[in-house]
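Just below is one structure, and these are the notes that go with it.
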Ligand code: ATP
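Written as structure tokens, this is what we have:
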């Protein structure tokens, strides 16, 4: 008889990311999206915590690295959840990604790292059209609504 340890059928994972917004010369809101040529993917910048890092710290670091922009947090937008099968071991990963509303304070998208092939400011309608995952598109809509409310409150 062979003894086998019970193996979990799923593991949890968490990532943190950002919706970076600005208003362009035509008064339209733009957001930053990231593209990968091989996977024909457009996504929001995000990533996993380093040891000891808190949620907003992770989001700031990942967004800075992946977009080349200097950013600050302007609010917490919300979470998305999805599951996928990890190719290395066949385990199901149940993942939560929390997104923060962010504003760019400097930097340049030309300085993005190699995580993505393209990093672009695009108007919201274009972002919603391009983003690969509908749950990220919903996050962009919620972030833009939050940004508009903050603008109204400052008036
Ligand atoms: P991170 O950027 O958090 O380090 P990662 O690059 O390791 O993450 P994910 O981006 O979570 O991994 O992608 C892992 C799998 O989940 C891929 O198969 C991808 O297609 C799928 N996936 C990624 N984002 C979403 C999403 N928003 N909704 C549904 N499935 C997604």
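Numbering (the working numbering), first residue to last: 49 to 203.
Note that the Cβ used here is the ideal one computed from N, Cα and C, for glycine as well.
All figures in this text were calculated on a predicted structure; none of them were measured in a lab.
Within 8 Å, strictly: CB atoms of residue i and residue j
i           : j           : result
residue 108 : residue 68  : no
residue 66  : residue 119 : yes
residue 192 : residue 172 : yes
residue 95  : residue 63  : yes
Own chain partners of residue i with C-beta closer than 7 Å, once the 5 adjacent residues on each side are dropped
i          : result
residue 71 : 77
Identity of the residue in the options nearest residue i by Cα
i           : options              : result
residue 165 : 125, 53, 80 and 85   : 85
residue 180 : 64, 60, 82 and 61    : 82
residue 150 : 158, 163 and 190     : 190
residue 160 : 63, 137, 80 and 73   : 80
residue 168 : 203, 131, 64 and 93  : 93
residue 187 : 157, 163 and 129     : 129
residue 115 : 203, 132 and 91      : 91
residue 197 : 110, 104, 122 and 89 : 122
Alpha carbon of residue i to alpha carbon of residue j, nearest angstrom
i           : j           : result
residue 99  : residue 112 : 18 Å
residue 185 : residue 175 : 8 Å
residue 57  : residue 154 : 44 Å
residue 138 : residue 61  : 15 Å
residue 202 : residue 59  : 43 Å
residue 75  : residue 133 : 42 Å
residue 106 : residue 53  : 34 Å
residue 156 : residue 110 : 15 Å
residue 194 : residue 97  : 25 Å
Spatial neighbours of residue i in its chain, beta-carbon cut-off 6 Å, leaving aside the 5 residues before and after
i           : result
residue 124 : 148
residue 131 : 140 and 142
Cβ shell of residue i (< 8 Å), same chain only, five flanking positions each side left out
i           : result
residue 126 : 146, 147, 187 and 190
- Contiguous alpha helix (DSSP H) assignments of at least 4 residues, all confined to the segment 92-133: 103-115
- Message: If we require 3 or more residues per run, which beta strand (DSSP E) segments fall completely within the segment 143-185?
- Response: 166-171
- Task: Starting from the N-terminal side, write out each stretch of the beta strand (DSSP E) that is 3 residues or longer and does not extend beyond the segment 56-82.
- Result: 58-71
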